[in-house]
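Reading through the structure tokens given below for one structure.
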Amino acid sequence: MAAEKRTIDENTLDALLHLSRLDPASTNMAVLKGQVDQIVEYFDLLSQFDDSENPYDAYPTTVADNLRDDSTVKGLDIPDVKKMTPEFMDGYFRVPKVLGEGA
Numbered sequence: 021m022a023a024e025k026r027t028i029d030e031n032t033l034d035a036l037l038h039l040s041r042l043d044p045a046s047t048n049m050a051v052l053k054g055q056v057d058q059i060v061e062y063f064d065l066l067s068q069f070d071d072s073e074n075p076y077d078a079y080p081t082t083v084a085d086n087l088r089d090d091s092t093v094k095g096l097d098i099p100d101v102k103k104m105t106p107e108f109m110d111g112y113f114r115v116p117k118v119l120g121e122g123a
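If you count by our numbering, then the sequence shown holds residues 21 to 123, one letter each, in order.
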């Protein structure tokens with residue numbers, strides 16, 4: 021049994037034009053209606069497939085117990101950081117300029 025091909029009516033097309041802020045005078049209505057009818061036909065095709073299963077079943081779950089421990093470790097002391105480079109000033113490292121003028 022063949023399903024009837026659905027198309028949109030003029031009121032729906034006018035509403036879509038309003039929502040998309042398209043001007044009916046500058047839009048080829050026949051082409052636009054054909055494109056929207058193709059989209060509706062595609063969704064009709066998709067609706068034939070079973071979507072009753074949970075889409076999230078495709079992704080593995082992560083149990084919080086399996087994650088690493090959140091523990092803090094001592095960082096570097098400022099005197100040690102200053103020894104790493106001579107380009108350390110006021111608590112910051114001086115780095116090469118990445119972006120040029122006018123970027």
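Using N, Cα and C, we set each Cβ at its ideal position, and we do this for glycine too.
Contact the region 52 to 70 vs the region 24 to 32: 3+ CB pairs below 8 angstroms: yes
Strand pairing of Phe113, partner residues [DSSP]: Walking along the sequence shown from the start, residue 113 turns up at place 93. According to DSSP, Phe113 bridges with Phe108.
Whole alpha helix (DSSP H) elements within the region 45 to 114, 4-residue minimum: Listed in chain order, the complete alpha helix (DSSP H) runs (minimum 4 residues) inside the region 45 to 114 are 49 to 66, 98 to 104.
Per-residue DSSP class, three states only, for Thr32: Counting from one through the sequence shown, the residue named residue 32 turns up at place 12. If DSSP states are grouped into helix, strand and coil, Thr32 belongs with the helices.
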